[in-house]
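Asker: Have a look at the structure that comes next, please.
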Amino acid sequence: QVQLVESGGGLVQAGGSLRLSCATSGITFNINTMGWYRQPPGKQREWVASITSGGSTNYADSVKGRFTISRDNVKKTVYLQMNSLKPDDTAVYYCNLVPGCRGYWGQGTQVTVSS
Numbered sequence: 001q002v003q004l005v006e007s008g009g010g011l012v013q014a015g016g017s018l019r020l021s022c023a024t025s026g027i028t029f030n031i032n033t034m035g036w037y038r039q040p041p042g043k044q045r046e047w048v049a050s051i052t053s054g055g056s057t058n059y060a061d062s063v064k065g066r067f068t069i070s071r072d073n074v075k076k077t078v079y080l081q082m083n084s085l086k087p088d089d090t091a092v093y094y095c096n097l098v099p100g101c102r103g104y105w106g107q108g109t110q111v112t113v114s115s
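Take 1 as the starting number for the sequence shown in this note's numbering and just add one per residue.
What follows is the structure in structure tokens.
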């Protein structure tokens, strides 16, 4: 059974930082490209960042230079370090494979950035 469990969200002021974690089970973590996605209020879910099994990373233009994705293949966990947060970063954040697998979406973790 596949489980992706996101944590680390919260309420933070603009300019602050948060570190999100996604603990996985039931997938062959080491060989998969993993990604973070987010769904702002009233909008569609969007891709934020991804990391390959070899550690290569890619970012959406809106977060480039502020967010850093990383992974721990032993812990089967993917992280998202978010710095210089802006109110526009307010969203529910999810992790999933890249591309996202429909049945793997978890509950997500809420990030709220106040101005």
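We treat Cβ as the ideally placed atom computed from N, Cα and C, and that holds for glycine.
Do you know offhand how far L80's Cα is from G42's?
Answerer: Distance between the alpha carbons of L80 and G42: 23 Å.
Asker: Using the Cα positions of Q1 and W105, report the straight-line distance between them to the nearest angstrom.
Answerer: Q1 and W105: Cα-Cα distance of roughly 13 Å.
Asker: What are the boundary residues of the beta strand (DSSP E) that R45 is part of?
Answerer: Where R45 is concerned, there is no enclosing beta strand (DSSP E), given that its DSSP letter is neither H nor E.
Asker: Just to check my reading of the structure: V128 and K86 have Cβ atoms closer than 8 Å, yes? What is that Cβ distance to the nearest angstrom?
Answerer: Residue 128 lies beyond the residue range present for the chain, which begins at 1 and ends at 115; the question has no answer from this structure.
Asker: Distance, Cα to Cα, S50 vs S115?
Answerer: Their backbone Cα atoms lie some 27 Å apart in a straight line.
Asker: With burial defined as no fewer than 16 other Cβ atoms inside 10 Å of the residue's Cβ, what is the status of T24: buried or exposed?
Answerer: T24 comes out buried.
Asker: Going by the beta-carbon positions, is the gap between V48 and F67 smaller than 8 Å?
Answerer: Cβ atoms of V48 and F67: closer than 8 Å.
Asker: Restricting to Cα atoms, I'd like to know which of G108, V78 and T90 is closest to T33.
Answerer: Nearest option by C-alpha distance: V78.
Asker: Can you give the Cα-Cα distance for P40 and T90, rounded to whole angstroms?
Answerer: Going by the C-alpha atoms only, they are around 6 Å apart.
Asker: Buried or exposed for S54, going by 16 or more other Cβ atoms inside 10 Å?
Answerer: Rather than Ser, the amino acid found at residue 54 in this sequence is Gly. That one is exposed.
Asker: Counting C-beta neighbours from all protein chains within 10 Å, is the total for I31 16 or more, i.e. buried, or is it exposed?
Answerer: Looking at its Cβ environment, which holds fewer than 16 other Cβ atoms inside 10 Å, I31 is exposed.
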